[in-house]
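When you line the sequence shown up against the working numbering, it's residues 21 to 385, in that order.
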Amino acid sequence: MRLSSTQRRWLIKRTLGASALSAAAPSRQTFAETITAIKIGTAHQSEAQQSGFKTIQFPRDHGAHPDERIEWWYLTGWLDADTGIQATIFRVRLGKARQSTWGSNQWLMGHAALVRRGWSKLIHEQTAWRSVKHVAEFSETDLNIMMPGWRFVREADGRIAIDIEQGRLGLKLRCRPRGAPLLQGQQGYSQKGPAAGQFSHYYSQTQLHVEANLHLDGKALSIDRSSNFAAAWFDHEWSSSLLSADAAGWDWFGLNLLDGQSWMAFRIRDRQGAELWRSEAGLVMQSLEQWRSSASGANYPVSLRVKGKFGPLVLKALVQDQEIDARASTGNRYWEGAVMAYNDQGDLIGRGYLELTGYDRPMRL
């Protein structure tokens, strides 16, 4: 069902005006109701044309862009040959701000996940907070985001410091860049569809050296610190009009290759499953194996044969069940998993993460 502009304004006003949404305990159900009203391609369609692409500049653009509708800081990586992690903060702008302490139209959400070889599934946690000073807030001049139990900060030496205490998970990560940020697309202009307004500002920091301490249910988890491969991938992306109304979801991967190179590629699918857009000419992604989620009923292509800038190569999931149920925060289910990359001779050539969205229902942003 497509909501009219009047219905959307009513729902946003009803939700964001609720007195129950205080700094102490925002309503997750209410937030899910709010984002359900904002579907891909139906909200703020004209904003991308009005804002346009802005040249990315550092360190300012490590920080938040609250005038843009959606933004994320997204870390994925391998800590050793058997352990994958995800740590993400999303920022969403909903409606207009009100002149009160609790009147912010900015929301912060967090997803964290941990997976290990031999586990039957990943473990994930999530949170959602309205942005309130000294409780859940962000900087616009550099990476500095905090909310209860969560902290993402770029330190003076350039390291990305991530600290998370949420539910069963405790993550302390220090990620050191090995080079300058990689501007994706055309100098950070990442086209996401055929229309000029369908784009994001997008850069990555790849081959990050990671130092980590992990806790699960209050107990420390061991990491093979002698491993010669411990690398993370950090994405920062922001937009006001990311996808077309016909888009259902995307298949994305970011790979840190053993030879020191990195590869990011994606395709966007329409509601019939056909390819709507791809990140590079000649990109082919062929499903080799599917896994069906008993929770959502979605069929995910957890093994892919990929051809493009690199390859051909085969992506294989570390664990098949890496579905994340984020309906209590961002309102979606998606598959986000640690994968290994092999060449045609069967040699391991890299590790990374694969993201599959819109397989149980069209993705909402």
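By construction, the Cβ of each residue, glycine as well, lies at the ideal position given by its N, Cα and C atoms.
In the structure shown, the three-state DSSP call for ARG80 is helix. Take LEU368, set aside five residues on each side of it, and the residues of its chain with a beta-carbon closer than 8 angstroms to its own are LEU278, MET360, ALA361, TYR362, in chain order. Counting the other CB atoms within 10 Å of its CB gives GLU91 a total of 16 or more, which places it among the buried residues. Per the C-alpha coordinates, the member of PRO201, LEU333, ASP290 positioned closest to PHE273 is LEU333. Distance from the CA atom of MET129 to the CA atom of LEU193, rounded to whole angstroms, is 19 angstroms.
Here the C-alpha atom of ASP162 lies approximately 5 angstroms from the C-alpha atom of ARG80. Positions of the beta strand (DSSP E) runs, each at least 3 residues long and wholly inside the segment 119 to 151, are given as 126 to 136, 143 to 150 in order along the chain. For the 9 angstroms CB-CB criterion, GLU145 and ALA132 form a contact. In the three-state scheme derived from DSSP, where H, G and I count as helix and E and B as strand, ILE165 is classed as strand. The shortest C-alpha to C-alpha distance from LEU374 to any of ILE105, ASP87, ALA101, THR75 is the one to ILE105.
With distances taken between CA atoms, GLY293 lies nearest to SER307 out of SER282, ALA301, SER307. THR108 sits in a strand when the DSSP states are folded into three classes. The continuous beta strand (DSSP E) containing LYS192 extends over residues 189 to 196. In this structure GLY97 is in contact with ALA252, their Cβ atoms being roughly 3 angstroms apart against a cut-off of 8 angstroms.
Between LEU324 and MET305, the gap from beta carbon to beta carbon is short of 9 angstroms. DSSP places ARG291 outside both helix and strand once states are collapsed to three, so it counts as coil.
Here VAL173 has LEU163, ASN164, ALA181 as same chain residues with Cβ atoms under 7 angstroms from its own Cβ, once five neighbours each way along the sequence are excluded. PHE172: member of the beta strand (DSSP E) spanning 170 to 174, first to last residue. Annotation for GLN225: the continuous beta strand (DSSP E) segment containing it runs 219 to 236. Looking at the backbone, the Cα of GLN211 and that of GLY238 are separated by about 43 angstroms. When DSSP states are grouped into helix, strand and coil, GLY351 belongs to the coil group.
Per the Cβ contact rule, the segment 281 to 291 is not in contact with the segment 107 to 119 (fewer than 3 Cβ pairs under 8 angstroms). Ranked by Cα distance from ASP183, the first of ARG150, LEU335, LEU234, SER247 is LEU234.
With respect to the 9 angstroms criterion, LEU241 and ARG137 are not classified as neighbours on the basis of their beta carbons.
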